[in-house]
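First the structure, in the form of structure tokens, and then the observations on it.
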Amino acid sequence: MTTVNLEALDLSALLCSRVCHDVISPVGAIVNGLEVLEDDQDESMRDFALDLIRKSARQASARLQFARIAFGAAGSAGASIDLADAEKVSRGMFADDKTQLAWSAPQALFPKNKVKLLLNLVMIATQAIPRGGLIDVTVSGDGEAPTLLLTAKGSHARIPPHVEALMAGTSETGTVDAHGILAFYAGLVARAAGMGVTFAIEGDTVTIRAEPAPAGQPAAEEPAAAPAPPSDGDSPDTALA
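Residue numbers (full-length UniProt numbering): 1 to 241.
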């Protein structure tokens, strides 16, 4: 495995690409519904179009609200986030006919990066059950030393490909694309929050556990530091860790 060296601009571009990917489908459906309303006078088709617009608008709003906390600043530096807000945006984003979400967490403010990590792990948990199922989220402990436990149970459950390496800041090629940026970003957030993340699978259940990294050990399997700049003055890309 090779350490991924990613410029800040590339990281922001890949995250923007991920958000746009999540939002473009419901926004496109809204556009299609509006076109039907403009061109079709059949009453049943107009009712269908209105229903499509309503559902797609709610879906787009839910995805943007989720992204605002999971990827955005969500307040000033050092701010805390209410776990109730994290539950609300998670249910809006994922709870549907395909995937059910169970949530058990205290009513409390937690440090921003720990809540951002939790939301990103919820997204990874959905990838672990591609055919749907149940995601059970449990948060225990206080904000300074919490344990985040997520279990994803469903048909064909698997640990998402490359997720463990990318969370550790590595990949086979030393690069990351828009498909892998979520896991890479989750690793960055985990290290910023001082949390270690582990994955396990047994049968049709994938377990994701995040807890404070032991003292003296790197959080989330932090990759080795980049080599020192060459003496000729050329400087290598800076790794985001």
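For each residue, glycine too, the CB sits at the ideal point set by N, CA and C.
Starting from V206, trace the beta strand (DSSP E) both ways and give me its first and last residue. Taking the sequence shown and counting its residues from 1, one reaches residue 206 at position 206. Start and end: 205 to 212.
Name the residue from G132, L11, N113 whose alpha carbon lies nearest to the alpha carbon of R191. Along the sequence shown, one-based indexing puts residue 191 at 191. Out of G132, L11, N113, N113 has the C-alpha closest to the C-alpha of R191.
Threshold first: 3 residues or longer. Then list the beta strand (DSSP E) segments lying entirely within the segment 44 to 116, N to C. 80 to 82, 99 to 104, 109 to 111
Can you give me the C-alpha to C-alpha distance between F66 and T173, rounded to a whole angstrom? As a first step, residue 66 is located in the sequence shown; it is residue number 66 there, counting from the start. As a first step, residue 173 is located in the sequence shown; it is residue number 173 there, counting from the start. Their backbone Cα atoms lie some 30 Å apart in a straight line.
I need the straight-line Cα distance from R46 to R58, nearest angstrom please. By one-based count along the sequence shown, residue 46 stands at place 46. By one-based count along the sequence shown, residue 58 stands at place 58. Rounded to whole angstroms, R46 to R58 spans 18 Å at the Cα level.
Identify the continuous alpha helix (DSSP H) that holds E164 and give its terminal residues. Here residue 164 refers to the residue found at position 164 of the sequence shown. Unbroken alpha helix (DSSP H) run through E164: 163 to 167.
Stretch-stretch touch, CB-based, cutoff 8 Å, three pairs: the segment 80 to 90 with the segment 177 to 197: no
From T175 to S12, what distance separates their C-alpha atoms? Here residue 175 refers to the residue found at position 175 of the sequence shown. Here residue 12 refers to the residue found at position 12 of the sequence shown. In a straight line, the C-alpha of T175 is about 15 Å away from that of S12.
In whole angstroms, give me the CA-to-CA distance for I208 and V163. For the purposes of this step, residue 208 is taken as the residue at position 208 of the sequence shown. For the purposes of this step, residue 163 is taken as the residue at position 163 of the sequence shown. Near 11 Å, if we compare the C-alpha coordinates of V163 and I208.
For the beta strand (DSSP E) containing D136, list its first residue and its last residue. Residue 136 sits at position 136 when you count from the first residue of the sequence shown. Taken as a continuous stretch (DSSP letters only), the beta strand (DSSP E) holding D136 covers 133 to 140.
Near G233, what residues of its chain come up, given a Cβ to Cβ distance below 6 Å and the 5 sequence neighbours on each side ignored? Reading the sequence shown from its first residue, position 233 is the one you call residue 233. Because the pLDDT at G233 is just 43, under 50, the model does not fix this residue reliably, and the value given afterwards should be weighed accordingly. Cβ within range, chain order: n/a, list empty.
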